[in-house]
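>
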Amino acid sequence: MEARRDLDINSIEPDPKRIKESWDLIIFTEADSHRIDVKPNDALVISARIGHREVHRILIDNGSSADILSAEVYDQLRLDRKDLQAFHTPLRWFGRAEVRSLGTVKLPVKIGKTPCQKTVLLDFVVVDTENWPYNALLGRPFLNKAKAVTATYVLMMKFPTEYGVGVVKGSQEMAQRANLLVYKDREVHQLYTISAEQTNEPEEQAEALKKFELDPREEPENKKDEPIEEVILDLDEPDMPGIDTKVISHYLSIDLGFRPVVQKRRLFNPERSIAIKKEVEKLLSVGSIREVKYPEWVANVVLVKKRNNQWRMCVDFTDLNKACPKDSFPLPRIDQLVDATAGHELLSFMDAYSGYNQIRMNKADEEKTAFTTDQGLYCYKVMPFGLKNAGVTYQRLVNRIFTGRLGETWRSIWTTC
Numbered sequence: 012m013e014a015r016r017d018l019d020i021n022s023i024e025p026d027p028k029r030i031k032e033s034w035d036l037i038i039f040t041e042a043d044s045h046r047i048d049v050k051p052n053d054a055l056v057i058s059a060r061i062g063h064r065e066v067h068r069i070l071i072d073n074g075s076s077a078d079i080l081s082a083e084v085y086d087q088l089r090l091d092r093k094d095l096q097a098f099h100t101p102l103r104w105f106g107r108a109e110v111r112s113l114g115t116v117k118l119p120v121k122i123g124k125t126p127c128q129k130t131v132l133l134d135f136v137v138v139d140t141e142n143w144p145y146n147a148l149l150g151r152p153f154l155n156k157a158k159a160v161t162a163t164y165v166l167m168m169k170f171p172t173e174y175g176v177g178v179v180k181g182s183q184e185m186a187q188r189a190n191l192l193v194y195k196d197r198e199v200h201q202l203y204t205i206s207a208e209q210t211n212e213p214e215e216q217a218e219a220l221k222k223f224e225l226d227p228r229e230e231p232e233n234k235k236d237e238p239i240e241e242v243i244l245d246l247d248e249p250d251m252p253g254i255d256t257k258v259i260s261h262y263l264s265i266d267l268g269f270r271p272v273v274q275k276r277r278l279f280n281p282e283r284s285i286a287i288k289k290e291v292e293k294l295l296s297v298g299s300i301r302e303v304k305y306p307e308w309v310a311n312v313v314l315v316k317k318r319n320n321q322w323r324m325c326v327d328f329t330d331l332n333k334a335c336p337k338d339s340f341p342l343p344r345i346d347q348l349v350d351a352t353a354g355h356e357l358l359s360f361m362d363a364y365s366g367y368n369q370i371r372m373n374k375a376d377e378e379k380t381a382f383t384t385d386q387g388l389y390c391y392k393v394m395p396f397g398l399k400n401a402g403v404t405y406q407r408l409v410n411r412i413f414t415g416r417l418g419e420t421w422r423s424i425w426t427t428c
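My numbering numbers the first residue of the sequence shown as 12 and each following residue consecutively.
Encoded structure:
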């Protein structure tokens, strides 16, 4: 209780009769919008001092009849929940969803920069709700006490003080981060067109099409003037020779302090044995694996059920990975990739077909990827899934391909294959 009395004493508002606030003309100009991108229609999200702490991600909401504080911030202010005053009025979000209130508390809020600052004492409703992207919400009670005027177009709030007009600028970055927190757990079921241009011009009739095949190794002829029925790019896996080893290849760099491990061969039932045989034959036909004799490292295959109830064959490289040091090449962080998409209407993905298998193994390391089956011993000629630093090698390749594009034409690269 002693701490609470100190808080109340330190947050007493000055007598308004002793301070004459400057009611200079409060205006917003086009120059105020130069610092932001006005297209995303972001909310006005600010930072302010609540109690004795600087709090970020505060939503300014002209439509709210209450000032709201998250229970997480309340706890960070080191205030006891037992000191909360009872609050019996139901709180409802947009959509009539009711929110549980823990109670109310009086706290000072300071906005603006010296000398044009203002402190107001607010009755915050403390709420404990999941997935709320803001630390606090300042509604009409705050705006009326501070005599503040907002302009969402320029993401700015202005208010009178004794030294002139105070200004608080909204953070577009914080607003977009809050949007990501709202939507990251939601599933997207349908993409709707929300804007389109109507035209009275008649639609052009589609040209008659003609079917012909293309050889990917030859320069295509100009067939623009010929009617085309269908275009087929006849590509098969043998037609994809992969990335030249002069560009990149995968090295294992095994620590010589580790002894090679030959795993005991696992037995499979007839159904799984047939699936393994088919996969081995497929990999042999496209040149991804080869037979090997007297390998020092031998791993077992593992079968995993896919969504279509077919089997996916993997190799258990656990022992081999233990002998390989970690490659510290920097990989993109998922939060940075997600943040980079904020404010954009569309997100495009490019999926590389069998991306890992386009990278060759270092010739000297091929036999170390050996695995055993009923048909014999085989090793990979291309980089397989499951190796410790395979993702790093693939990211190196992506960075080289898009050199000069990352951060400019391309916002980010996500390594998928």
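All C-beta atoms, glycine included, are put in the ideal place defined by N, C-alpha and C.
Note that the coordinates shown come from a computational prediction; the quantities given were computed from them, not determined experimentally.
1. Considering only C-alpha positions, which residue in the set L166, V297, P171 and K374 is nearest to S182?
2. Does I265 come out as helix, strand or coil in the three-state DSSP assignment?
3. Taking just the CA atoms, how far does T352 sit from S359?
4. In this structure, what does DSSP give as the bridge partners for N400?
5. So, at 7 angstroms on beta carbons, what are the nonlocal neighbours of Q386 in its own chain, with the 5 sequence-adjacent residues on each side left out?
6. Quick check on R46: buried or exposed, where buried means 16 or more other Cβ atoms within 10 Å of its Cβ?
7. Indicate the three-state DSSP secondary structure (helix, strand or coil) for M361 in the structure shown.
8. What is the DSSP secondary structure of M185, reduced to helix, strand or coil?
9. Does DSSP put I412 in a helix, a strand or coil?
10. Taking the C-alpha atoms as reference points, what is the distance between T329 and C390?
11. Name the two residues that bound the continuous alpha helix (DSSP H) containing T352.
12. Going by C-alpha to C-alpha distance, which of T100, S58, G114 and E307 sits closest to Y85?
13. Can the beta-carbon of V66 be found closer than 7 angstroms to that of V110?
14. Can you round the beta-carbon distance between V309 and A381 to whole angstroms, since I take them to be within the 8 angstroms contact cut?
15. Thinking C-beta only, is N400 closer than 7 angstroms to D338?
16. Whose C-beta lies closer than 7 angstroms to the C-beta of S264 among residues of the same chain, with five residues either side of it excluded?
17. Are I57 and I69 close, meaning C-beta to C-beta below 7 angstroms?
In brief:
1. L166
2. coil
3. 10 angstroms
4. None, per the DSSP bridge assignment.
5. K288 and V291
6. exposed
7. coil
8. helix
9. helix
10. 16 angstroms
11. Segment: none, T352 is in no alpha helix (DSSP H) and carries neither H nor E.
12. G114
13. no
14. 5 angstroms
15. yes
16. C335 and P336
17. yes
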